[in-house]
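Numbering (the UniProt record's numbering), first residue to last: 1 to 116.
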């Protein structure tokens with residue numbers, strides 16, 4: 001019996017390719033223990049300090065790859081916050097939003113036209 005005949009190769013399902021570095025305005029709900037912080041809000045004159053919650057959030061977003069490493073000021077990523085806290089104050093939930101880098105599948109991109 002001749003087994004050298006080639007059998008048809010089954011077609012693979014198309015793999016969704018991700019669009020890298022698409023920027024989208026996203027909301028983040030965060031909570032924190034504020035005992036080691038001077039408060040939530042990082043100001044332009046203290047953006048290099050690490051004892052503000054927003055400083056830690058910005059650093060974490062850089063490490064996660066959703067914010068470019070050269071971002072220094074929060075207004076560069078259209079940062080907004082729902083509220084602020086004072087030094088030593090914790091928060092169960094605070095909403096912040098920023099324009100961050102996301103990976104988006106093509107079918108999601110096409111659905112945006114349905115939102116209006």
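Think of the CB as a built atom: it goes at the ideal place given N, C-alpha and C, for glycine as much as any other residue. Here the structure is a predicted model, which means the values were calculated and not measured.
If you draw a straight line from the Cα of residue 92 to the Cα of residue 22, it comes to about 30 Å. Secondary-structure assignment with DSSP links residue 97 through a beta bridge to 27 and 80.
For the 8 Å CB-CB criterion, residue 100 and residue 72 do not form a contact.
Taking all protein chains shown into account, residue 87 has fewer than 16 neighbouring C-beta atoms within 10 Å of its C-beta and is therefore exposed. Linking residue 25 to residue 98 through their CA atoms gives a straight-line distance of about 5 Å.
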